[in-house]
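Below is one structure, written out as structure tokens; comments come after it.
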Amino acid sequence: MSVSEKRKHKTLTLSEKFEIIRRVDNGEKLIDLAAVYGVGRATVYDIMKNRGKIACFMRDSESVFKKRKTLKPGGYPQVEEALYKWFVREIDNDNHLSGEIIRDK
986 MSVSEKRKHK TLTLSEKFEI IRRVDNGEKL IDLAAVYGVG RATVYDIMKN
1036 RGKIACFMRD SESVFKKRKT LKPGGYPQVE EALYKWFVRE IDNDNHLSGE
1086 IIRDK
């Protein structure tokens, strides 16, 4: 990439960030990983700075949430908790849920 080329903005999922942490722990260079994932070195450094939070989230979370891109909580935690409990209950009862049904709920 030349100096005048601008890299397109890319947001990594938490799973990708955790993969970067794992690969750094296995000895891969930060600059090489930045190139592989198409992000800047500063992004990889920030991921490593937040490695504790990311690792804790990945360890404690359901697989559904691992596609998230940020750790920011939503603005309505009680509503989100109630929606999540409803969602899990519906899945346990083998009910089909479309995006529209979830949005309506």
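The opening position of the sequence shown corresponds to residue 986 in the numbering used here, with each subsequent residue numbered one higher. All residues carry an ideal CB built from backbone N, CA and C; glycine is no exception.
If contacts are defined as beta-carbon pairs under 8 Å, then residue i and residue j qualify, I think. What distance do you get, rounded to the angstrom?
i: GLY1025; j: ALA1019; result: 6 Å
i: LYS995; j: GLY1023; result: 5 Å
i: VAL1009; j: MET1033; result: 6 Å
With a threshold of 16 other CB atoms inside 10 Å of the CB of residue i, please say whether the residue is buried or exposed.
i: THR998; result: exposed
i: VAL1021; result: exposed
i: ILE1005; result: buried
i: THR1028; result: buried
i: ILE1039; result: buried
What residue range does the alpha helix (DSSP H) around residue i cover?
i: TYR1069; result: 1062-1077
i: VAL1021; result: 1015-1022
i: SER1000; result: 999-1010
i: ARG1026; result: 1026-1034
i: GLU1085; result: 1084-1089
Grouping DSSP H, G and I as helix and E and B as strand, with all else coil, what is residue i?
i: ARG992; result: coil
When every heavy atom of the ligand PLP is checked, does at least one fall within less than 7 Å of the C-beta of residue i?
i: GLU1004; result: With respect to the ligand PLP, the structure offers nothing, as it holds no ligand at all.
Flag residue i as yes if its beta-carbon sits less than 8 Å from any beta-carbon of chain B, otherwise no.
i: ILE1016; result: Among the protein chains of the structure shown there is no chain B, as only one such chain exists.
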